[in-house]
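Trainee: If you want the working numbering, it's the 1-based position in the sequence shown plus 402.
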Amino acid sequence: MILETLVVGPFMSNCYVVGSEATGKGMAIDPGADAQHILSAIKRYSLSVQTVVITHAHPDHMAAARAVVDATGAKLAIHELDGRGPVYQAVYRMFGPFVGGPMGAPPAPDQLLQDGDKIEVGGLSFTVLHTPGHSPGGISLYGEGVAFTGDTLFNSSVGRYDLPGCSFDDLARSIRTKLYTLPDATIVYPGHGPATTIGAEKASNPFVRV
């Protein structure tokens, strides 16, 4: 499996380029900024990007989504609670000054995700886990021995829960019931910072104990 971490934008967000070496098809997760950097990685692997997945509707994770979607023809997927209506657009615009200026309207989602949905690209399969807390429609993706957790679970930390739509109770419940139940060997690729494992976080994360 192709899996490259790209650290993008002023918030040092992790964008992931994921694909199948066998089929040449893949996806991009959380294109938060630096569209050309992301597109260069896609080109380097000769990937046909089928889907752009947004783990939550904060622009440091999706400010470059329009550019990547337009350049690749990929479909945009986001959880239905983060991808509908004026809240989606208002939150997107609110972050404009922090990611380089006015951003216009966000791209319209092609797929509104729900818990348990499957995202399949090039023979790779990932299950959508609804993990609210950092945002109402926050998701994680689990499959192929890895979990992309957005801003839900970090290495030795968790996502912020003091923003509009955030809830520590929801965040802790998501981590305990959706992420800590995954195999301990699962590699966690978070929205910011270095990778970790489920086992390591269960053992030592100071914010959410088993």
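Each residue gets a CB set at the ideal place from its N, CA and C atoms; glycine is no exception.
1. On the DSSP bridge assignment, give the partners of Pro-592 in chain order.
2. Measure how close the beta-carbons of Ala-549 and Thr-588 come, nearest whole angstrom, since I'm counting them as under 8 Å.
3. Tell me the rounded alpha-carbon separation between Pro-433 and Val-610.
4. Around the Cβ of Leu-408, are there at least 16 other Cβ atoms within 10 angstroms (buried) or fewer (exposed)?
5. Determine the closest residue to Gly-539 out of Ala-465, Pro-566, Leu-405, Val-523, with distance taken between C-alpha atoms.
6. Could you tell me which residues DSSP pairs with Gly-561 in its beta bridges?
7. Taking DSSP as the reference, what is the three-state secondary structure of Phe-570?
8. Only counting the same chain, and skipping five residues up and downstream in sequence, which positions put a Cβ closer than 7 Å to that of Leu-515?
9. Return helix, strand or coil for Gln-513, following the three-state DSSP convention.
10. Can you check DSSP and say which residues form a bridge with His-481?
11. Where does Leu-584 sit, in a helix, a strand or coil, going by DSSP?
12. Below 8 Å between beta carbons: does that hold for His-536 and His-594?
13. Here's a check: name, in chain order, each residue in its chain whose Cβ is nearer than 6 Å to the Cβ of Ile-577, leaving out the five neighbours to either side.
14. Helix, strand or coil for Ile-373 per DSSP?
15. Determine which residues share a DSSP beta bridge with Thr-599 and list them.
16. In three-state terms, what does DSSP make of Ser-537?
17. Along the beta strand (DSSP E) that carries Leu-526, what are the first and last residues, could you check?
18. Could you compute how far the alpha carbon of Arg-446 sits from the alpha carbon of Leu-573?
19. Considering only the beta carbon of each residue, do Val-451 and Thr-474 sit closer than 8 Å?
20. Let me know the secondary structure DSSP gives Leu-543 once reduced to three states.
Mentor: Taking the geometry as given:
1. Gly-552
2. 5 Å
3. 27 Å
4. buried
5. Pro-566
6. Partner(s): none; Gly-561 has no beta bridge.
7. helix
8. Ala-479, Ile-480, His-481, Glu-482, Val-530, Ile-541
9. strand
10. Leu-515
11. coil
12. no
13. Leu-555, Val-610
14. For the chain, the structure presents residues 403 to 612; residue 373 sits outside this window and is missing.
15. Ile-589
16. coil
17. 526-532
18. 36 Å
19. yes
20. strand
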